[in-house]
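Using our numbering, you'd call the opening residue of the sequence shown number 12 and step up by one each time.
Ideal placement from N, C-alpha and C gives every residue a C-beta, glycine not left out.
The structure appears below as structure tokens.
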Amino acid sequence: MSTSTTPTERRGFHFADIRKMFGGGGTSSLRQFGILGSLIVIIVLFEILTLVRNGPNGATLTPGNLINVINQYSFILILAIGMVMVIIMGHIDLSVGSVAAFVGIIVAKSMADWDLPWPVAILFGLLVGALVGAWQGFWVAYVGVPAFIVTLAGMLFFRGAQQFIGDAQTIPVPKGFQIIGTGYLPELDIPLNFNVLTMVLALLGVGWVIFWEIRTRRIQRKMGSAMAPLWVSSTKVVLISIVILAAGWMFATGRPGTSFPVPGLILLALVILYSFVTNSTVFGRHIYAVGGNRQAARLSGVKDRWIDFFVMMNMSMLAALAGMIFVARSQASGPNDGTGWELDAIASVFIGGAAVAGGIGTVIGSIIGGLVMAFLNNGLALLGQGADVVSMIKGLVLLVAVGIDVWNKQQGRPSLIGFIMRKRNKPDAPNLTDFPQSK
12 MSTSTTPTER RGFHFADIRK MFGGGGTSSL RQFGILGSLI VIIVLFEILT LVRNGPNGAT
72 LTPGNLINVI NQYSFILILA IGMVMVIIMG HIDLSVGSVA AFVGIIVAKS MADWDLPWPV
132 AILFGLLVGA LVGAWQGFWV AYVGVPAFIV TLAGMLFFRG AQQFIGDAQT IPVPKGFQII
192 GTGYLPELDI PLNFNVLTMV LALLGVGWVI FWEIRTRRIQ RKMGSAMAPL WVSSTKVVLI
252 SIVILAAGWM FATGRPGTSF PVPGLILLAL VILYSFVTNS TVFGRHIYAV GGNRQAARLS
312 GVKDRWIDFF VMMNMSMLAA LAGMIFVARS QASGPNDGTG WELDAIASVF IGGAAVAGGI
372 GTVIGSIIGG LVMAFLNNGL ALLGQGADVV SMIKGLVLLV AVGIDVWNKQ QGRPSLIGFI
432 MRKRNKPDAP NLTDFPQSK
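In structure tokens:
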């Protein structure tokens, strides 16, 4: 006779249940609270500081500034999506800025000199990025050269190739191509004082949050696993929905002709896609398995070289896309494109909770880490601080973010980052991320 376990929910208020608020319906991570909390504190702090500086209104939480943040930092956030997969594997990619600039100049010249239509030029740029990634992935996966050395060589080679091809000149790109960097959701012929499509997008986001929470609770009930109290799930959904609707309203009520930016749409689509790939596919589980313990993963049948190859190729394709978005936003390709991008992308991933040794990290965490860096840059710029101060503060934030987790491990306390990853595993499928991490 078979028996089934039905999860029970505690009644009333328990302070420990607050920790379950952002844990996907189950237990949550203090690290995730810390990253989100840091982002919220930074935004509120700069809103107050700009309020004091500018008078009646702050300058951070305005439609125009939020649109600028998305437009100015979307390409770094796209790089962070690929970089987190590279770092989970235990590698590093120093070439992404040079690859982005290299693809940008090739795409610009293909439209200017070869008369390629801009949609074809975008596909051509992605193909060039894939070839670059395949080249670097071959050296890493099949020759065995460390990724640090391969991508350091790539950083030097593709930076030189970009300057050689462009001859240190600025090459403009056509209006159609600029849409991917400067475009917005279009206005509908409806007499309303906000962009309808932006609010539709926000409502779809709310609908997805509700659907995902219901689905999560249904799976937990079916599997007999621990469930957060209903009030916790409801409060979480309400809070997230309020944030989505408020952000959607600000994007929808900006100056005439603006709305949610096209680079933001591309970023949103990539976040959804890569979150699904890393969390819900065999390929994603193999990435965590190889990063956690390569030898154990290999003995279990994981083709680690194949995973290495495709992760490096994927990184270069995302770098190619980021480079094209930047060129489209700048309306031209220039000799200094991509400088320092790899450092911002790496910092975003580590601030977002990735482990230096590999095996740990999330797409969402990296995006939050990237937003922390974006709002730091933006807020300091609004306060009139120079690039020297911005650079020093970014360096300190990165050092503290990684240092806190290392200190917790040295004190014999549970790693906050590791706590995230242990609790994110799904109960309905075996997970290869449970391999012990290599020392």
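Measure the alpha-carbon distance for F361 versus V367 and round it to whole angstroms. F361 and V367 have their C-alpha atoms spaced approximately 8 Å apart.
What is the residue span of the alpha helix (DSSP H) that G171 lies within? A158 to G177
Nearest-angstrom beta carbon gap, V80 and A412 [assumed within contact, 8 Å]: Actually they are not in contact, since the Cβ atoms of A412 and V80 sit about 20 Å apart, beyond 8 Å.
Can you list, in chain order, the residues of its chain whose CB lies under 6 Å from that of F86, leaving out five sequence neighbours each side? A333, I336 and F337
Starting from the N-terminal side, write out each stretch of the alpha helix (DSSP H) that is 4 residues or longer and does not extend beyond the stretch 173 to 238. 186 to 193 and 207 to 234
Output the boundary residues of the alpha helix (DSSP H) element that contains W129. W129 to F149
DSSP state of A343 mapped onto helix, strand, coil: DSSP places A343 in the strand class (E or B) of the three-state scheme.
Using the rule of at least 16 other Cβ atoms within 10 Å of the residue's Cβ for burial, across every protein chain shown, is R424 buried or exposed? For R424, the predicted model reports a pLDDT of 49, less than 50, meaning its position is unreliable; a value from the coordinates is still stated below. R424 is exposed by the Cβ-count criterion.
Which residue comes first and which comes last in the alpha helix (DSSP H) that contains Y299? Y299 -> alpha helix (DSSP H) spans V293 to G303.
L196 and F294 closer than 7 Å at C-beta: no
Can you look up P272 in the DSSP assignment and give me helix, strand or coil? strand
Sequence-distant residues of the same chain with beta carbon closer than 8 Å to A257, five excluded per side: Nothing listed; no residue qualifies.
Spatially closest choice to A339 from M122, G101, M94 and V95, by CA coordinates: M122
Residues near G406 by beta carbon distance below 8 Å, same chain, minus five either side: none
Which term fits D319, buried or exposed, when burial requires 16 or more other beta carbons within 10 angstroms of its beta carbon? buried
Beta-carbon separation (whole angstroms), I53 vs G390, contact threshold 8 Å: 7 Å
Indicate the three-state DSSP secondary structure (helix, strand or coil) for I318 in the structure shown. helix
If you draw a straight line from the C-alpha of F430 to the C-alpha of L310, how long is it? Caution applies to F430, whose pLDDT of 44 falls short of 50 and renders its modelled position unreliable; the value that the coordinates give is listed next. Taking the straight line from one Cα to the other gives about 26 Å.
So is F287 buried or exposed if we call it buried at 16+ other beta carbons inside 10 Å? exposed
Consult DSSP for N68 and reduce its assignment to one of helix, strand or coil. coil
Secondary structure at V367, three-state DSSP: helix, strand or coil? coil
Helix, strand or coil for R266 per DSSP? Note: R266 maps to coil in three-state DSSP.
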